[in-house]
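Residue numbers (my numbering): 773 to 837. By construction, the Cβ of each residue, glycine as well, lies at the ideal position given by its N, Cα and C atoms. Structure, as structure tokens:
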């Protein structure tokens, strides 16, 4: 897990901005494992859970793919 604080725009770190936060992470030029860790950190910070599809999509959007 990677804390989104200081990495993501502050306005995206709230439950109501879930879709935007997810798209922001997905669009970043990062390795898959970093994207998943950042998403897990965002989820923990805002008190939500994720789906297997969300994780799989992030895993396939990494720069190593």
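Residue j beta carbon less than 9 Å from that of residue i
{"i": "residue 834", "j": "residue 806", "result": "yes"}
{"i": "residue 785", "j": "residue 814", "result": "yes"}
{"i": "residue 798", "j": "residue 830", "result": "yes"}
{"i": "residue 826", "j": "residue 803", "result": "no"}
Residue i in three-state terms, based on DSSP
{"i": "residue 823", "result": "coil"}
{"i": "residue 783", "result": "helix"}
{"i": "residue 804", "result": "helix"}
Presumed contact (8 Å Cβ cut-off) between residue i and residue j, rounded CB distance
{"i": "residue 783", "j": "residue 790", "result": "Incorrect: roughly 13 Å between the Cβ atoms, too far for contact."}
Nearest-angstrom Cα separation, counted from residue j out to residue i
{"i": "residue 808", "j": "residue 828", "result": "9 Å"}
{"i": "residue 792", "j": "residue 818", "result": "14 Å"}
Closest by C-alpha distance to residue i, when choosing among the options
{"i": "residue 821", "options": "832, 787, 795", "result": "787"}
{"i": "residue 832", "options": "800, 792, 780, 793", "result": "800"}
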